[in-house]
Every structure is written in structure tokens, then in C-alpha cells.
Amino acid sequence: MEGTYVLGASQLFTVFFIMLGPFQVIQPFAKATKDMSQPQVVSLATKTTLLVIPILIVLGLSGRVLMENWQIPRAVLELTAGLIFAYVAFSIVLVGKQKAEPKSEQAQDPVPVTPLGVAMKMVVSAHGLATLIVLLAVSQDHQRTLLIFGVLIAVMILNLLAMIYKKIFLGKTGVVAMQVFGVVLGVMQAGMALAIIHISLMELHKGFL
Numbered sequence: 032m033e034g035t036y037v038l039g040a041s042q043l044f045t046v047f048f049i050m051l052g053p054f055q056v057i058q059p060f061a062k063a064t065k066d067m068s069q070p071q072v073v074s075l076a077t078k079t080t081l082l083v084i085p086i087l088i089v090l091g092l093s094g095r096v097l098m099e100n101w102q103i104p105r106a107v108l109e110l111t112a113g114l115i116f117a118y119v120a121f122s123i124v125l126v127g128k129q130k131a132e133p134k135s136e137q138a139q140d141p142v143p144v145t146p147l148g149v150a151m152k153m154v155v156s157a158h159g160l161a162t163l164i165v166l167l168a169v170s171q172d173h174q175r176t177l178l179i180f181g182v183l184i185a186v187m188i189l190n191l192l193a194m195i196y197k198k199i200f201l202g203k204t205g206v207v208a209m210q211v212f213g214v215v216l217g218v219m220q221a222g223m224a225l226a227i228i229h230i231s232l233m234e235l236h237k238g239f240l
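The sequence shown begins at 32 in my numbering and counts up by one.
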């Protein structure tokens, strides 16, 4: 625990990497751009990254304002974050979310191969956006908020590299490495989630005494 926050910079990176990182982007992006030349892929990936960063910042801050207007206690917000983290982490570790995604994509409508289409359909996820909003709502100072955005931008840059070098990530070695790394991060996030839930429940219990 760093300062008054449960999650430090490294933990924030792990959370954003799982929620909004290359694991959920690389496969649908590779499928959508399979007929594109490398310069076209680089251009699309770059434009998507430049677009998705301000989108996430605006949506995150807007959600934070709504949370503040509702005056939800901080401990409740932390408990919400813990539950979201736990759901995603256990879906990776126990359900095999990474292996199930390619099958589900077949039933979905084709994603428009435009920067906005890639940003909203492949990068921005409901649980990822919810995580960002809750983390911003819990933030109590500008330094913490800037740290959250800094880590978020770092993960978006990793997404950019993953989209540009998709062939490396989707090779035999890359796929195995991503699966192993994903499970390891999933276990780490599950542990963090349970710790957050425990701490938030303790705070709520103290509040009722």
C-alpha cells in the first residue's frame, strides 16, 4: 500500500494491462487488418492510439464527475473496483477467457476498420472503462490522477506496439508467451482484488461502528 492508496504504480499497470491492454486488442486487430499492408497497419494503429487516449480521458473524467455527484463513499468505490478486478482476473485464470474470445468474435458484427471503430470496439472495454472511472473517483489529489493517466498512456503505447508488430505476438512463441503471461498477471490481479475487497470491507465495518 503506497500512501493512502491500495494500488501503487506497478499495480495500476498490471490492472490496466489486463483490462485495456494487448490481450484483448491483438487478435481482433490482426483479424480485421489481415489484408492490409504494413504501412496501412502502422497508420491505423497510430491514429487509433492518438484517438483512444483522449477518448478514455474524457470518458474517465466524465464518469468521475457522476460518481462525485452521487457522493458514493470511497470504501464502496474501492469495493466496486475489487469486484471488477476479481471478475476479470478469475475469468482469465479459471474460465479461459483468452481462448474463448476468438470463437465469440465469429458471431459478432464486423468491426469497422477505422481509427474510431478500432478504438471503441477493440481497445475500450466496458470493464476497462469502469475500472478507470472508479480509480479516478477514488483519487484524492492531482498527483494521483496524473499517475493514473500516465500509466494508462503507457499501456496504450504498448497496444500501439502490439498492433504494429502483430505478427510477432501471434506467432507460435508469441501466443504461448502471451497465454502464460496472461495467467500470471491474472493470478496477480486476483490477489490484488481480494486484498482490495478485504480492506474496503474492513473500512465499511469501521464506518458502521
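Note that beta-carbon positions come from the ideal geometry of N, C-alpha and C, so glycine has one too.
In whole angstroms, what separates the C-alpha of threonine 145 from that of threonine 79? 8 Å
Alpha carbon of methionine 187 to alpha carbon of isoleucine 84, nearest angstrom: 7 Å
Cβ contact check for the region 190–210 and the region 47–58: 3 or more pairs under 8 Å: yes
Segment contact flag, the region 225–232 with the region 102–119, C-beta cutoff 8 Å, min 3 pairs: yes
Is DSSP giving tyrosine 196 helix, strand or coil here? coil
Would glycine 217 and isoleucine 115 qualify as a contact pair, given that the criterion is a beta-carbon distance under 8 Å? no
For alanine 63, which option in Phe44, Met50, Ala150, Leu51 has the closest C-alpha, if you only look at C-alpha atoms? Ala150
Should isoleucine 49 go down as buried or exposed, given a rule of 16 or more other Cβ atoms within 10 Å for buried? buried
Can you tell which of Leu163, Val214, Gln42, Val182 has the C-alpha that lies nearest to the C-alpha of glycine 94? Leu163
Determine the direct distance from the alpha carbon of alanine 117 to that of leucine 225, and round the result to whole angstroms. 7 Å
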